[in-house]
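*Asks:*
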Amino acid sequence: MSSSQRTDLGRALCIITGASRGFGRTVARELSRLVKPGSVLILTARSEENLRSLEVELAGSEAGKSGLLVQCVPADLAQMAGLQSVVSASRAAFSEHIDHVILVNNAASLGDVSRFTSSFTDMAEVDSYLSLNVTSCLCLTARLLQALPPRSGLCRSVVNITSLCALQPFKSWALYCTGKAAREMMFRVLATEEPDLRVLSYSPGPLDTDMQLVARSSTADPDLKRTFSDMFSAGQLLTCEASCAKLMKLLLEDSFTSGAHIDVFDL
Amino acid sequence: MSDINSTNPRTLGRGICIITGASSGFGQALAYQVSCYLEPRSVLLLVARSGPLLQEMKEELQSATEEQQLVVHCVTVDLRTKEGVDETVRLARQEAVDEIEHVLLINNAASLGDIAKFETFTNPDEVNSYLSLNVSSPLALTAGILQLCPCRLGLRWSVVNLSSKFALQALPSWVLYCTAKAARNMMFSVLAKEQQHVKVLSYSPGPMDTDMQKEILRLTNVNHNPMPCHESAAKLMKLLLDNNFSSGAHLDFFDV
Numbered sequence: 000m001s002s003s004q005r006t007d008l009g010r011a012l013c014i015i016t017g018a019s020r021g022f023g024r025t026v027a028r029e030l031s032r033l034v035k036p037g038s039v040l041i042l043t044a045r046s047e048e049n050l051r052s053l054e055v056e057l058a059g060s061e062a063g064k065s066g067l068l069v070q071c072v073p074a075d076l077a078q079m080a081g082l083q084s085v086v087s088a089s090r091a092a093f094s095e096h097i098d099h100v101i102l103v104n105n106a107a108s109l110g111d112v113s114r115f116t117s118s119f120t121d122m123a124e125v126d127s128y129l130s131l132n133v134t135s136c137l138c139l140t141a142r143l144l145q146a147l148p149p150r151s152g153l154c155r156s157v158v159n160i161t162s163l164c165a166l167q168p169f170k171s172w173a174l175y176c177t178g179k180a181a182r183e184m185m186f187r188v189l190a191t192e193e194p195d196l197r198v199l200s201y202s203p204g205p206l207d208t209d210m211q212l213v214a215r216s217s218t219a220d221p222d223l224k225r226t227f228s229d230m231f232s233a234g235q236l237l238t239c240e241a242s243c244a245k246l247m248k249l250l251l252e253d254s255f256t257s258g259a260h261i262d263v264f265d266l
Numbered sequence: 000m001s002d003i004n005s006t007n008p009r010t011l012g013r014g015i016c017i018i019t020g021a022s023s024g025f026g027q028a029l030a031y032q033v034s035c036y037l038e039p040r041s042v043l044l045l046v047a048r049s050g051p052l053l054q055e056m057k058e059e060l061q062s063a064t065e066e067q068q069l070v071v072h073c074v075t076v077d078l079r080t081k082e083g084v085d086e087t088v089r090l091a092r093q094e095a096v097d098e099i100e101h102v103l104l105i106n107n108a109a110s111l112g113d114i115a116k117f118e119t120f121t122n123p124d125e126v127n128s129y130l131s132l133n134v135s136s137p138l139a140l141t142a143g144i145l146q147l148c149p150c151r152l153g154l155r156w157s158v159v160n161l162s163s164k165f166a167l168q169a170l171p172s173w174v175l176y177c178t179a180k181a182a183r184n185m186m187f188s189v190l191a192k193e194q195q196h197v198k199v200l201s202y203s204p205g206p207m208d209t210d211m212q213k214e215i216l217r218l219t220n221v222n223h224n225p226m227p228c229h230e231s232a233a234k235l236m237k238l239l240l241d242n243n244f245s246s247g248a249h250l251d252f253f254d255v
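For the protein sequence lines, the chains are A and B, in the order given.
At position 185 of the first sequence (counting the first as 1) the number is 184 in numbering that gives the first Met the number 0, and the numbers step up by one without a gap.
At position 220 of the second sequence (counting the first as 1) the number is 219 in numbering that gives the first Met the number 0, and the numbers step up by one without a gap.
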């Protein structure tokens, strides 16, 4: 299903995780502009307050006024209850009129970058990190694929927000690199299993977000830390909008190889 | 950095060697081979859940290596637990005397996990449990072992990650296994990058005649023509003895 003339993403049911801030919030905004009336956005994150402000913003937008439904589901995706609430909301929002399901797995955490690999002697810390960054992503995707099954005329797209860290090791970033490498493989397996599913691992580049702030202030490796702070000082961080625009272009063109890793700088 | 190989090429030195999943399969085969290359008064820690199997191995190893005065400890623990990992590190620390020339950790213990379609993995407890044994545990154990003693001249550190071709290649219905192996490879690559004095190797042993392979056959009906464990173990031994591999590399039995 590829069409370089596509100017919208259809009447879509979009589920965006980590939608309260940063890149996820931008994805929600940009998707709202590209989906047709009658579409639904399910926004999830832990922060109810931030989700509500986004909901209000989108409801008041042009899309919101033309029939876009926005639903907030505050949830901790590392908990069973959180997963269930997102899936229930999605199932309820799904109808025969929806022709596109778009899941954007964006929620993630950096992990403690102020320490090196040999300091991770506490299994519980690592378990907790993997639970949020790998398990919740796998289980949410699996549950949604089951809840919103294939049907003629329905396109299903799954996006994994990844990083260069999925492909290359970075000193003092053991947890983040490990989690991203795990997710990347996870989605490659999914792509091999379901040829009709559109699976994309999108690497957004260095973004001007809270995560970057932590990266440039806490990274233990001095060279890596300097690289981040230099990027910031030199104004080289990308805005979420600039990177998101590239992701939207990929989704509209829909010509990417399913399972591929595409970086913002590849486009 | 002192190069043991220049004084005595085919030896692992007087070492402390920790092998997880040592009671059967590849871990067991490797234990027998490693014991041949450890200098007198080396220590071998065999880690697994099965006490009786480890005890049998200990007896065989000690009688075969009597002259060598190899000290063998059976560490009967469950590496899925913090207690299991901590106990292993504690015992290793006890044995890490000043005269040790080599700390060699073989992260071999692993599980296959359920082989099933991605969509079926809806239960976070199952996935968390799998990742805990296959990713968190080797990270915590490796971190603990690396803290055993301070770096010094003449002390060699080697960390092996038992990897797989499926750390690199996605296989349908193998999401748990592929994901964990990919995670481990990256984890150990970061370690290799951070610590210049630690030689890290991700070794993909190829299909071997083990319980895991029997399970694979049972679940998938695919016969991968497994080789005897000792054949692959011998290749890993050669890599460790030659010590020419690039730290952080992923090497496959069939490439070497």
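C-beta: ideal position from N, C-alpha, C; glycine also.
When you compare only the Cα positions, how much space is there between A:S162 and B:E38?
*Replies:* 45 Å
*Asks:* Okay, do the region 159-172 of chain B and the region 199-210 of chain B touch, 3+ Cβ pairs below 8 Å being the bar?
*Replies:* yes
*Asks:* Hey, is A:K170's beta-carbon within less than 8 Å of any beta-carbon in chain B?
*Replies:* Yes - at least one Cβ of chain B is within 8 Å of the one on A:K170.
*Asks:* Buried or exposed for B:K237, please, with buried defined as at least 16 other CB atoms from any protein chain shown within 10 angstroms of its CB.
*Replies:* exposed
*Asks:* For A:A44, which beta-bridge partners are listed by DSSP?
*Replies:* A:P73
*Asks:* So what does DSSP say about A:R24, is it helix, strand or coil?
*Replies:* helix
*Asks:* How far does the alpha helix (DSSP H) with A:K179 in it reach, from first residue to last?
*Replies:* Unbroken alpha helix (DSSP H) run through A:K179: A173 to E192.
*Asks:* One question on the structure: do B:E84 and B:S136 come within less than 8 Å of each other, judged by their Cβ atoms?
*Replies:* Residue identity differs from the one stated: residue 84 of chain B is Val in this sequence, not Glu. For B:V84 and B:S136, yes; Cβs fall inside 8 Å.
*Asks:* The beta strand (DSSP E) spanning B:D251 covers which residue range?
*Replies:* A248 to D251
*Asks:* With a Cβ-Cβ cutoff of 8 Å, do A:L139 and A:L199 count as a contact?
*Replies:* No, Cβ-Cβ distance for A:L139 and A:L199 is not below 8 Å.
*Asks:* Would you list the residues sitting across from B:H101 in a DSSP beta bridge?
*Replies:* B:G14 and B:R155
*Asks:* CA-CA distance, A:L251 and A:V157?
*Replies:* 14 Å
*Asks:* Checking 8 Å against the spacing of the C-beta atoms, do B:L69 and B:T19 come in under that value?
*Replies:* no
*Asks:* Give a yes or no on whether 8 Å exceeds the smallest Cβ distance from B:P225 to chain A.
*Replies:* no
*Asks:* From B:M185 to A:K170, what does the alpha carbon distance come to, in whole angstroms?
*Replies:* In this structure, the CA atom of B:M185 is about 11 Å from the CA atom of A:K170.
*Asks:* Following the continuous beta strand (DSSP E) through B:K198, name the residue where it begins and the one where it ends.
*Replies:* V197 to S203
*Asks:* Output yes or no for whether 8 Å exceeds the beta carbon distance between B:T251 and B:G24.
*Replies:* What sits at residue 251 of chain B in the sequence shown is Asp, not Thr. No, these two residues do not count as a Cβ contact at 8 Å.
*Asks:* How far does the beta strand (DSSP E) with B:H72 in it reach, from first residue to last?
*Replies:* For B:H72, the uninterrupted beta strand (DSSP E) segment begins and ends at V70 to T75.
*Asks:* Based on Cα-Cα distance, which residue from B:T178, B:L154 and B:V189 lies nearest to A:C164?
*Replies:* Checked all of B:T178, B:L154 and B:V189; the closest Cα to A:C164 is B:V189.
*Asks:* Whole angstroms are fine: how far does the CA of A:L246 sit from the CA of A:T134?
*Replies:* 24 Å
*Asks:* Taking C-beta pairs closer than 7 Å, name the residues in chain B that A:D207 reaches, listed in chain order.
*Replies:* Those within 7 Å of A:D207 in chain B number zero; the least Cβ separation is about 25 Å.
*Asks:* What does the Cβ neighbour count give for A:Q78, buried or exposed, with the cut at 16 atoms within 10 Å?
*Replies:* exposed
*Asks:* Considering only residues of the same chain and omitting the five flanking positions on each side of B:G247, which have a CB-CB separation below 6 Å?
*Replies:* S188, A191 and V199
*Asks:* Measuring straight from C-alpha to C-alpha, what distance separates B:V42 and B:R13?
*Replies:* 8 Å
*Asks:* Hey, does B:F244 have any beta-carbon neighbour from chain A nearer than 8 Å?
*Replies:* no
*Asks:* Pull out every residue of the region 131-155 of chain A whose Cβ sits closer than 8 Å to any Cβ of chain B, in chain order.
*Replies:* Taking 8 Å as the Cβ-Cβ cut-off, the region 131-155 of chain A approaches chain B at V133, T134, S135, L137, C138, T140, A141, R142, L144 and Q145, given in chain order.
*Asks:* Is B:Y115 helix, strand or coil by DSSP?
*Replies:* The sequence as given places Ala at residue 115 of chain B; Tyr does not occur at that position. Here B:A115 sits in strand by DSSP.
*Asks:* Does DSSP classify B:S261 as helix, strand or coil?
*Replies:* No statement about residue 261 of chain B is possible, as the shown extent of chain B runs from 0 to 255 and does not include it.
*Asks:* Just mark A:P36 as buried or exposed, buried being the case when its beta carbon has 16 or more other beta carbons within 10 Å.
*Replies:* exposed
*Asks:* Return the CA-CA distance between B:Y36 and B:A28, expressed in angstroms with no decimal places.
*Replies:* 14 Å
*Asks:* For chain A, find out if any of its Cβ atoms is closer than 8 Å to the Cβ of B:C150; answer yes or no.
*Replies:* No, no contact with chain A.
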